[in-house]
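Take the sequence shown: its position 132, counting from 1, is numbered 139 in our numbering, and each next residue is one higher.
Each remark here refers to the structure printed beneath this line.
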Amino acid sequence: MKVTKAVIPAAGFGTRFLPATKSQPKEMLPVVDTPVIQYVVEEAVASGITDILMVIGRGKRAIEEHFDRSFELEWELEAKGKMAELETIRRISDLANIHFVWQKQMLGLGDAVRCARAHVNNEPFAVLLGDTLMQARVPATRQLLEVHARYHACVVALEEVAPAKVSSYGVIAGERLDGRVWQVRDLVEKPRPEQAPSRMAVASRYVLVPEIFEALDRVRPGKGGEIQLTDALRLLTHSQAMYGCQVDAVRHDAGNKLDFIKTNILYALTRRDLRAALGDFILEQAEQVRKSRGDA
Ligand code: UTP
Numbered sequence: 008m009k010v011t012k013a014v015i016p017a018a019g020f021g022t023r024f025l026p027a028t029k030s031q032p033k034e035m036l037p038v039v040d041t042p043v044i045q046y047v048v049e050e051a052v053a054s055g056i057t058d059i060l061m062v063i064g065r066g067k068r069a070i071e072e073h074f075d076r077s078f079e080l081e082w083e084l085e086a087k088g089k090m091a092e093l094e095t096i097r098r099i100s101d102l103a104n105i106h107f108v109w110q111k112q113m114l115g116l117g118d119a120v121r122c123a124r125a126h127v128n129n130e131p132f133a134v135l136l137g138d139t140l141m142q143a144r145v146p147a148t149r150q151l152l153e154v155h156a157r158y159h160a161c162v163v164a165l166e167e168v169a170p171a172k173v174s175s176y177g178v179i180a181g182e183r184l185d186g187r188v189w190q191v192r193d194l195v196e197k198p199r200p201e202q203a204p205s206r207m208a209v210a211s212r213y214v215l216v217p218e219i220f221e222a223l224d225r226v227r228p229g230k231g232g233e234i235q236l237t238d239a240l241r242l243l244t245h246s247q248a249m250y251g252c253q254v255d256a257v258r259h260d261a262g263n264k265l266d267f268i269k270t271n272i273l274y275a276l277t278r279r280d281l282r283a284a285l286g287d288f289i290l291e292q293a294e295q296v297r298k299s300r301g302d303a
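Shown next as C-alpha cells:
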C-alpha cells in the first residue's frame, strides 16, 4: 500500500527557545524567510505524501493561517504588481491537503502521534518532527518510504552520532542488513555512553504502521508524565520486524538556539540573493573572533 499520509507533531512547548516560543510555536520560527514547518511540509510532499495532519497546541492560528489562503494579502500583492511574492504565497496553500488536530495536554511525542489515530485510519503513515530540517538530495522521508515499500514494516531514520552524544537520543540495538538499512532488535531512550547498544540514533523521521497505536496505549508515562514514542517502538519490536535507514541527509534541530542560528547561516549561504554579502560578514566576524581569542 502506497503511503500517502504524514503526521507532523508541532505541539511541544519549545521551552529551549523561550521567550520566542511563549506565544508562537517554534515550528513557525523562520530559517531565512520560511518557517521551519514549511520546509518539513515540502519534504513530505517531495516524498510523495499528499495528506498531512499537523498536531498542534498553542499558536495554532499562526500555523493554520500560514497554510491557508490569504485573499487580502493576495489582492494587495496583485494590486502592487508583486507577482513573484504572490506566486510564493499561493504555492504554500497548494502544497498538500493539510489537516489539524489539537493535542490537549503536551504529554510528549508519543502522545502527539496518538492524536493522529482517527485520521490515519489503519494505514501506514510517515511522521516528521515539525522542528527538524533534513537537508538532503533525496528527501529523507522518501528514503524511509523506499525501505518501507520493501519490508512493509516500521522504518526509523538513523544517524550515527559520537559516543558522547548517544545520551541525547533514542538508540537502536540491531545489525546492518545492507548498505544503509538496519534490522532493529531493540531501542533504548537516552542511554549512558557505556550502556549504549550502538551509536545509531533515531533521527526525527519515521514510517509507522497502525499497530503503533496499540503499543502507545500500553506505554506507561515516563519522566514528566510524557509518553515516549521510543517506548512504543520498543514494544513493537517484540511482536514485529522493524527496520532503520541510515538516511543520507544532514539534520538540523531548529528547536535549540545554537543549531537554529547555524541552520539559518547554512541555508542563507545556499541562497543566491544572500550568499555574497553574508559571506563577507562572516569573514569579518571570524577575523574579530580570531583577534579577541588571541587577545584573551
Ligand atoms: P521536542 O521534545 O523537541 O519538543 O519534540 P518540545 O517539548 O517542544 O521541546 P523543549 O525541550 O520544550 O524545547 C519534538 C517534536 O515533537 C513535538 C514538538 O512540537 C516537536 O516538533 N511535540 C513534543 C509535540 O507535538 N507534543 C509534545 O507533547 C511534545
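Using N, Cα and C, we set each Cβ at its ideal position, and we do this for glycine too.
Computed from a predicted model, the values in this text were never measured in an experiment.
Proximity below 9 angstroms, CB of residue i to CB of residue j
{"i": "Leu-140", "j": "Tyr-46", "result": "yes"}
{"i": "Glu-105", "j": "Val-48", "result": "Reading off the sequence shown, one finds Ile at residue 105, where the question assumed Glu. Taking 9 angstroms as the Cβ cut-off, Ile-105 and Val-48 qualify as a contacting pair."}
{"i": "Ser-54", "j": "Arg-149", "result": "yes"}
{"i": "Phe-132", "j": "Ala-239", "result": "no"}
{"i": "Leu-165", "j": "Cys-252", "result": "yes"}
{"i": "Val-216", "j": "Ala-160", "result": "yes"}
{"i": "Phe-107", "j": "Leu-60", "result": "yes"}
{"i": "Asp-138", "j": "Glu-34", "result": "yes"}
{"i": "Ile-70", "j": "Pro-16", "result": "no"}
{"i": "Arg-206", "j": "Val-173", "result": "yes"}
{"i": "His-259", "j": "Leu-281", "result": "no"}
{"i": "Ile-44", "j": "Asp-118", "result": "no"}
{"i": "Phe-74", "j": "Ile-99", "result": "yes"}
Classification of residue i by the beta-carbon crowding that lies within 10 angstroms, buried from 16 upward
{"i": "Glu-219", "result": "A quick correction: the sequence has Ile, not Glu, at residue 219. So Ile-219 ends up on the buried side."}
{"i": "Met-8", "result": "exposed"}
{"i": "Val-145", "result": "exposed"}
{"i": "Val-120", "result": "buried"}
Three-state secondary structure (DSSP) of residue i
{"i": "Ala-304", "result": "Outside the shown range of the chain (8 to 303) lies residue 304, about which nothing can therefore be said."}
{"i": "His-259", "result": "strand"}
{"i": "Arg-65", "result": "coil"}
{"i": "Met-8", "result": "coil"}
{"i": "Met-207", "result": "strand"}
{"i": "His-155", "result": "helix"}
{"i": "Glu-182", "result": "strand"}
{"i": "Asp-138", "result": "coil"}
{"i": "Val-216", "result": "coil"}
{"i": "Asp-302", "result": "helix"}
{"i": "Glu-79", "result": "helix"}
{"i": "Tyr-274", "result": "helix"}
{"i": "Ile-15", "result": "strand"}
{"i": "Pro-146", "result": "coil"}
Nearest residue (CA-CA) to residue i, options the options
{"i": "Glu-181", "options": "Arg-225, Leu-215, Arg-241, Pro-217", "result": "The residue you asked about is not Glu; residue 181 is Gly in the sequence shown. Checking every option, the nearest Cα to that of Gly-181 belongs to Arg-241."}
{"i": "Thr-270", "options": "Pro-42, Val-296, Lys-89, Ile-179", "result": "Pro-42"}
{"i": "Lys-29", "options": "Ala-18, Leu-152, Pro-198", "result": "Ala-18"}
{"i": "Leu-151", "options": "Gln-235, Asp-58, Arg-199, Glu-50", "result": "Glu-50"}
{"i": "Tyr-158", "options": "Ser-299, Leu-184, Gly-262", "result": "Leu-184"}
{"i": "Asp-22", "options": "Leu-60, Gly-88, Met-113, His-73", "result": "Reading off the sequence, residue 22 comes out as Thr, not Asp. Selected option, being the one with the closest Cα: Met-113."}
{"i": "Ala-222", "options": "His-245, Gly-231, Glu-233", "result": "His-245"}
{"i": "Ile-56", "options": "Gly-286, Leu-285, Glu-153", "result": "Glu-153"}
{"i": "Asp-58", "options": "Val-209, Leu-102, Ala-27, Met-249", "result": "Leu-102"}
{"i": "Lys-67", "options": "Gln-202, Glu-92, Phe-20, His-126", "result": "Phe-20"}
{"i": "Asp-255", "options": "Ala-147, Gln-202, Ala-171", "result": "Ala-147"}
Inter-residue CB distance, residue i and residue j (contact presumed, cutoff 8 angstroms)
{"i": "Val-168", "j": "Tyr-176", "result": "6 angstroms"}
{"i": "Val-191", "j": "Ile-179", "result": "5 angstroms"}
Test: residue i CB closer than 9 angstroms to a CB of chain B
{"i": "Tyr-250", "result": "Annotation note: the requested chain B is absent from the structure, which comprises a single protein chain."}
Check: residue i C-beta below 8 angstroms from any heavy atom of the ligand MN
{"i": "Asp-118", "result": "Here the bound small molecules are the ligand UTP; the ligand MN is not part of this structure."}
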